[in-house]
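Its first residue numbered 202, the sequence shown is counted upward by one per residue in this note's numbering.
Glycine included, C-beta positions come from ideal geometry on N, C-alpha and C.
Presented below is the structure to which this report refers.
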Amino acid sequence: MKQRPFRPEALEADARYVRDQETGLCWHLSFNRILYIDTDRSDVVYHANYLRYFEYGRTSLMRDAAYPYKEIEDSGYVYPIIDLGIQFYEPLRYDDPMRIHTRPAELERVKLRFDYVILHGESGAIVCKGFTKHCALNASGRPVAVDPKTVQLWKTFPA
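Have a look at this one:
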């Protein structure tokens, strides 16, 4: 599958956010490095570990937006993943740096979606693109409307 270009450029005001020069969309930026435990026998990151990197990007975005997951859960909401997808382009290997780009994408009454692009931290090559879709649940595990603070984050995320 041919990948679409992704050319992030830092926003002047805040280094935590970048704008894709191809689409004009803004993304939250976080950094991480591959640990040895994340690799498999073929010396590349085991595919399921990319979901952890998505979680790292997602929780970093929420923390930087002053709404960490602990606060979400303390207010009686949880957001389990109900759907996800990943397209792989290049492997990451032990000790490779990575840049995790995360953005709030779709928002429905009881569902929300995050999109992700992971780049190699040095070469800038696209490693993978993906998404996670979440459902808002209350403490009893019943679907409920997305909480107001999360709705506000989706509305105010940099355009």
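Go through its chain and collect everything with a Cβ distance to residue i's Cβ below 7 angstroms, but skip five positions before and after it.
i, result
"PRO206", "GLU223"
"ILE327", "GLN204, PHE207, TYR290, GLU291, VAL318 and LEU320"
"ALA346", "ARG310, VAL311 and ALA337"
"LEU354", "ALA266, TYR268 and PRO305"
With a 10 Å radius around its C-beta and 16 neighbouring C-beta atoms as the bar for buried, classify residue i as buried or exposed.
i, result
"TYR237", "exposed"
"ARG304", "buried"
"THR240", "buried"
"ARG259", "buried"
"SER341", "exposed"
"THR333", "buried"
"GLN276", "Looking at the sequence shown, residue 276 is not Gln but Ser. Burial call: exposed."
"PRO324", "Note that residue 324 is Ser in the sequence shown, not Pro. Classification for SER324: exposed."
"HIS229", "buried"
"HIS248", "exposed"
For residue i, which residues of its own chain have a beta-carbon under 8 angstroms away from its beta-carbon, when the five flanking residues on both sides are left out?
i, result
"ASN192", "Any property of residue 192 remains undetermined from this structure, which presents the chain solely from 202 to 360."
"ASP244", "ARG294 and TYR295"
With H, G and I counted as helix, E and B as strand and the rest as coil, what does DSSP make of residue i?
i, result
"GLY225", "coil"
"LEU252", "helix"
"PRO359", "coil"
"VAL246", "strand"
"VAL347", "coil"
"LEU236", "coil"
"LEU338", "strand"
"LEU363", "The structure shown does not extend to residue 363, since the chain is modelled only from 202 to 360, so the question has no answer here."
Is any beta-carbon of chain B found at less than 8 angstroms from that of residue i?
i, result
"GLN204", "The chain labelled as chain B is not found in the depicted structure, where only one protein chain is given."
Would residue i pass as a contact of residue j if the rule is Cβ separation under 8 angstroms?
i, j, result
"GLN288", "CYS329", "yes"
"LEU285", "GLY331", "yes"
"LEU212", "PRO359", "yes"
Give me, in chain order, the residues of the same chain whose beta-carbon lies closer than 6 angstroms to that of residue i; leave out the 5 immediate sequence neighbours on both sides.
i, result
"LYS350", "TYR268"
query = Hey, which unbroken runs of the beta strand (DSSP E) at 3 residues or more fall wholly within the region 260-289?
reply = 282-289
key: 3-residue-minimum beta strand (DSSP E) runs that sit fully inside the region 288-328, ordered along the chain   = 298-308 and 312-321
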